[in-house]
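Numbering (this note's numbering), first residue to last: -11 to 394.
Backbone N, C-alpha and C fix where the C-beta goes; we use that ideal spot for every residue, glycine too.
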């Protein structure tokens, strides 16, 4: 063994290894105090605060007698003996050791070399252990924070769920109330329309009787009065019929598959007189088959196309373009014109019932057409809006939900 240790290359290499290496001689397994240092490399000597001369060839009991008084130190010395006798590698794991010269936490393992000789591998992990402890403390603190935040989030989630539940109940109640009020309003409009028509019929009948029976006795002035009353009664009747139709929209009907291109062709045919008299041009995209209320959808197209012709510029023939595209779960149609346009402040109000932008006789109507149109579109689960500028024409967009009930 001495021949080996005296080899300069081996000794220098061992001495400068980046891990602590120490070789021990165990001459008498029965006597732990007979164990002596053979060679300690620089790392172990630095840990011991000793020089080579103070350690090499010396007994442990002489160099570090406190090791025998320490539970950890004695355990390590006993391991030297056990490995020298029995062989095999013993990993002592992490041990904490301190004396007057040194203190720290070490990873330690003992290995056999040959009979009565063993070597120990030692690594100071004090800083690493401290980092682990600090990291563990950080993790514990983080866990506490996470637990606290989780508890807070769970509390907030429960509170939000409770709020949502209450809101949902309120929404259901309000929806039920609105549906009830809408049904009452529709029933009122239906009944009122019927009840209002009866006195109008009476007025019209009396006017007819007076004009027929007293034709020769009536002055021209009274005759004009009667004509004015009759025309007013007819306008009132038309308004009541429009109101009745508004209240009936979507009632007791089912959506069916319809061909929107066919509907447009039929609407163009119905409006042929207006189209020809105004020299209007109608351009139509390829249009789809879709699920819809057929009569009501026809009314939407007819209302919008009628308006495009009605609200045209003087001396300029209307140009109407009907376009289509799919937008996610919706069919989207647009009807554009080159007419007089709509002020931006009025683009919402025009869909209100009885709202008229033009009060002069040039643009006749009752302010119900676009209200009807919006109601029909909403019955289809869609929305309607307009983009327009005064003098620049208008484009009405409306959507129809592909799946009824969504």
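Open item on the list: So for residue 304, helix, strand or coil by DSSP?
Closed with: On the chain shown, residue 304 is found 316 positions in, with the first residue counted as 1. Note: residue 304 maps to coil in three-state DSSP.
Task: At least 3 beta-carbon pairs within less than 8 angstroms: the region 298 to 315 vs the region 360 to 367 - done: Taking one beta carbon from each stretch, the region 298 to 315 and the region 360 to 367 have fewer than 3 pairs nearer than 8 angstroms; the two do not touch.
TODO: Enumerate in chain order the residues of its own chain whose CB-to-CB distance from residue 11 is below 6 angstroms, with the five nearest sequence positions on each side excluded.
DONE: For the purposes of this step, residue 11 is taken as the residue at position 23 of the chain shown. The residues 26, 27, 107, in chain order, have a CB closer than 6 angstroms to that of residue 11 in the same chain once the five nearest residues on each side in sequence are set aside.
Task: Beta-ladder partner(s) of residue 9, from DSSP - done: Here the question's residue 9 lines up with position 21 in the chain shown. Residue 9 pairs with 109.
Open item on the list: Suppose you measure from the CA of residue 187 to the CA of residue 251; what does that come to, to the nearest Å?
Closed with: As a working note, residue 187 is residue 199 in the chain shown. As a working note, residue 251 is residue 263 in the chain shown. Cα to Cα, residue 187 sits roughly 37 angstroms from residue 251.
TODO: Could you please give the first and the last residue of the uninterrupted alpha helix (DSSP H) stretch that includes residue 256?
DONE: Stepping through the chain shown from its first residue, residue 256 is reached at position 268. Its alpha helix (DSSP H) spans residues 248 to 258.
TODO: Please specify which runs of the beta strand (DSSP E), each continuous and at least 3 residues long, are wholly inside the region 264 to 338, giving them in chain order.
DONE: Entirely contained in the region 264 to 338, the beta strand (DSSP E) runs reaching 3 residues are, in chain order, 269 to 272, 277 to 280, 307 to 315, 318 to 324.
Task: Alpha-carbon spacing of residue 265 relative to residue 298, whole angstroms - done: Here the question's residue 265 lines up with position 277 in the chain shown. Here the question's residue 298 lines up with position 310 in the chain shown. Taking the straight line joining both Cα atoms gives about 11 angstroms.
Task: Limits of the alpha helix (DSSP H) - the one that residue 68 falls within - done: To locate residue 68, count along the chain shown from 1; it is residue 80. Per DSSP, the unbroken alpha helix (DSSP H) holding residue 68 starts and ends at 59 to 74.
- [ ] May I have the straight-line CA-CA distance separating residue 97 from residue 130, to the nearest angstrom?
- [x] Within the chain shown, residue 97 is the residue found at index 109, counting from 1. Within the chain shown, residue 130 is the residue found at index 142, counting from 1. Straight through space, the alpha carbons of residue 130 and residue 97 are spaced by roughly 34 angstroms.
Task: For residue 244 and residue 279, believed in contact at Cβ under 8 angstroms, the rounded distance - done: In the chain shown, the residue the question calls residue 279 occupies position 291. In the chain shown, the residue the question calls residue 244 occupies position 256. The Cβ separation is near 7 angstroms, so the contact holds.
Task: Span of the alpha helix (DSSP H), counted from its first residue to its last, around residue 412 - done: The shown model of the chain, from -11 to 394, leaves out residue 412, and the question about it has no answer.
Open item on the list: So the candidates are 254, 311, 291, 288; which of them puts its Cα closest to the Cα of residue 273?
Closed with: Reading the chain shown from its first residue, position 285 is the one you call residue 273. Comparing Cα-Cα distances from residue 273 to each of 254, 311, 291, 288, the minimum goes to 311.
Task: Continuous alpha helix (DSSP H) stretch holding residue 77: start and end - done: By 1-based counting over the chain shown, the position of residue 77 is 89. Note, residue 77: premise wrong, no alpha helix (DSSP H); not H, not E.
Open item on the list: With H, G and I counted as helix, E and B as strand and the rest as coil, what does DSSP make of residue 14?
Closed with: Locating residue 14 in the chain shown gives position 26, where the first residue counts as 1. DSSP places residue 14 in the coil class of the three-state scheme, outside both helix and strand.
Open item on the list: Looking at residue 111: is its Cβ nearer than 8 angstroms to the Cβ of residue 94?
Closed with: Position 123 of the chain shown, counted from the start, is the residue given in the question as residue 111. Position 106 of the chain shown, counted from the start, is the residue given in the question as residue 94. Note that the C-beta distance between residue 111 and residue 94 is below 8 angstroms.
TODO: Find out if the Cβ-Cβ distance for the pair residue 291, residue 357 is shorter than 8 angstroms.
DONE: Here residue 291 refers to the residue found at position 303 of the chain shown. Here residue 357 refers to the residue found at position 369 of the chain shown. Contact flag set, yes.
- [ ] Return the residue from the list 189, 242, 204, 208 that minimises the CA-CA distance to residue 221.
- [x] Along the chain shown, read from residue 1 onward, the residue named residue 221 stands at position 233. Cα-wise, what sits closest to residue 221 is 189.
Open item on the list: One question on the structure: do residue 246 and residue 277 come within less than 8 angstroms of each other, judged by their Cβ atoms?
Closed with: Start at 1 with the first residue of the chain shown, and residue 246 comes out as number 258. Start at 1 with the first residue of the chain shown, and residue 277 comes out as number 289. With respect to residue 277, residue 246 sits close: the two C-beta atoms are nearer than 8 angstroms.
Task: Distance, residue 327 Cα to residue 167 Cα - done: Along the chain shown, read from residue 1 onward, the residue named residue 167 stands at position 179. Along the chain shown, read from residue 1 onward, the residue named residue 327 stands at position 339. Roughly 38 angstroms separates the two Cα atoms.
Open item on the list: For residue 64, count the other beta carbons within 10 Å of its own beta carbon; 16 or more makes it buried, fewer makes it exposed. Which is it?
Closed with: Position 76 of the chain shown, counted from the start, is the residue given in the question as residue 64. With at least 16 other beta carbons inside 10 angstroms of its own, residue 64 counts as buried.
Open item on the list: Let's see if you can read the secondary structure: which residues bound the alpha helix (DSSP H) around residue 35?
Closed with: Numbered from its first residue, the chain shown carries residue 35 at position 47. Looking at the DSSP string, the run of the alpha helix (DSSP H) that includes residue 35 is 30 to 36.
Task: Cut-off 8 angstroms between Cβ atoms - residues of its own chain near residue 317, not counting five sequence neighbours on either side - done: By 1-based counting over the chain shown, the position of residue 317 is 329. Excluding sequence neighbours, residue 317 sits near 389, 390, 391, 394.
Task: For residue 56, three-class secondary structure by DSSP - done: Against the chain shown, residue 56 aligns to sequence position 68. In the structure shown, the three-state DSSP call for residue 56 is helix.
Task: Residue from 35, 284, 196, 16 with nearest C-alpha to residue 8 - done: Numbered from its first residue, the chain shown carries residue 8 at position 20. For the residues 35, 284, 196, 16, the minimum Cα distance to residue 8 belongs to 35.
Open item on the list: Between which residues of its own chain and residue 15 is the CB-CB distance below 7 angstroms, once the five residues before and five after are set aside?
Closed with: The count along the chain shown starts at 1 and reaches residue 15 at position 27. Leaving aside the five residues that flank residue 15 on each side, the residues in its chain whose CB is nearer than 7 angstroms to its CB run, in chain order, 22, 104.
Task: Per DSSP, cross-strand counterpart(s) of residue 100 - done: Taking the first residue of the chain shown as 1, we reach residue 100 at position 112. Answer by DSSP bridge pairing, in chain order: 106.
Open item on the list: Among the candidates 52, 53, 109, whose CA atom is the shortest distance from the CA of residue 80?
Closed with: Residue mapping note: residue 80 aligns to position 92 of the chain shown, counting from 1. For the residues 52, 53, 109, the minimum Cα distance to residue 80 belongs to 109.
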